[in-house]
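Participant:
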Amino acid sequence: MRLLGLDPGLRRTGWGVIDAEGNRLRYVACGLIAVPEKGSLAGRLAALFRALNETLDRFAPDQAAVEESFANQNPSSTLKLGLARGVVLLAPAERGIPVFEYAANLIKKSVTGSGHAEKRQVEAMVRKLLPGAAAESADAADALACAICHAHHAATRRRLSAAQAEGVAR
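Per this note's numbering, the sequence shown starts with residue 3, numbered consecutively.
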């Protein structure tokens, strides 16, 4: 299964693509969508949407995982981040790709074992879990971590469903 992890932001949105087969994870690609800081908000959101669609066209993921946002001190920044998250959720959903959301603490815990891990710890574990991963930014590493988190949780959901189906069949 091909998974796309996304770390949303209006200025920088990280993305990471992995392939998951059972417990095996393989790094495919990652990158950063940098939206120009100048221009109208609508224009910036449209640029983010277009760039996400290019990534979706290029890698054709089966599922997407998005990091949930936390509220900032600045209400204006929180609102703009929410709008960017909306675009990040919309782009794959509009294509019929299932989208899953994960809290930052859950992503960190899934990758490092600690929900309060520092960015450097997350990046180090991403490199360890995905040999060859070339995350050149913290945002791309966070996106890969989100994809890893989803791979682990999706596998657990599949096992639970299979066990429940087996229990019903008896």
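All C-beta atoms in this analysis are idealised placements derived from N, C-alpha and C, irrespective of residue type, glycine included.
Here the structure is a predicted model, which means the values were calculated and not measured.
#1: If we count the other Cβ atoms within 10 Å of its Cβ and call it buried at 16 or more, is Gln166 buried or exposed?
#2: Any contact of the stretch 9-21 with the stretch 141-155, i.e. 3+ C-beta pairs under 8 angstroms?
#3: Below 8 angstroms on the Cβ atoms is my guess for Gly11 versus Asp141; work out the distance and round it to an integer in Å.
#4: Using the three-state DSSP reduction, which class does Phe102 fall into: helix, strand or coil?
#5: Go ahead and pull the three-state DSSP assignment for Ser88.
#6: Where does Thr57 land, buried or exposed, given buried means 16+ other C-beta within 10 angstroms?
#7: Please work out which residues of its chain come closer than 6 angstroms, Cβ to Cβ, to Asn107, disregarding the five sequence neighbours upstream and downstream, and give them in chain order.
#8: May I have the straight-line CA-CA distance separating Glu96 from Ile109, to the nearest angstrom?
#9: Find the nearest neighbour of Val37 within the set Gly45, Val30 and Ala31, judged by alpha-carbon distance.
#10: Leaving out the 5 sequence neighbours to the left and right, which residues in its chain are closer than 8 angstroms to Val101 when beta-carbon positions are compared?
#11: Residue range of the alpha helix (DSSP H) that Leu50 falls in?
#12: With DSSP as the reference, please indicate the residues paired to Ala126 in a beta bridge.
#13: Starting from Gly7, follow its DSSP beta bridges and name the residues at the other end.
#14: Got a sec, what are the start and stop residues for the beta strand (DSSP E) Gly33 sits in?
#15: Would you please state the rounded distance, in angstroms, between the beta carbons of Glu103 and Glu70? I believe it to be under 8 angstroms.
#16: Measuring only between beta-carbons, confirm whether Arg13 sits less than 8 angstroms from chain C.
#17: What three-state label does DSSP hand Glu23 in the structure shown?
#18: For Leu85, which residues in the same chain have their Cβ closer than 8 angstroms to its Cβ, ignoring the five residues on either side in sequence?
Facilitator: Here's the rundown:
#1: exposed
#2: yes
#3: 7 angstroms
#4: strand
#5: For the record, residue 88 in the displayed sequence is Gly; it is not Ser. Helix at Gly88.
#6: buried
#7: Gly117
#8: 24 angstroms
#9: Gly45
#10: In the same chain as Val101, and ignoring 5 residues on each side of it, the C-beta atoms closer than 8 angstroms to its own belong to Gln65, Ala66, Ala67, Val68, Leu91, Pro94 and Ala95, in chain order.
#11: Leu43 to Phe61
#12: According to DSSP, which records beta bridges pairwise, Ala126 is partnered with nothing at all.
#13: Gly18 and Ala67
#14: Arg26 to Ala36 is the span of the beta strand (DSSP E), which, as asked, contains Gly33.
#15: 5 angstroms
#16: The structure shown contains no chain C; it is built from a single protein chain.
#17: Three-state DSSP puts Glu23 in a strand.
#18: Leu12, Leu43 and Leu47
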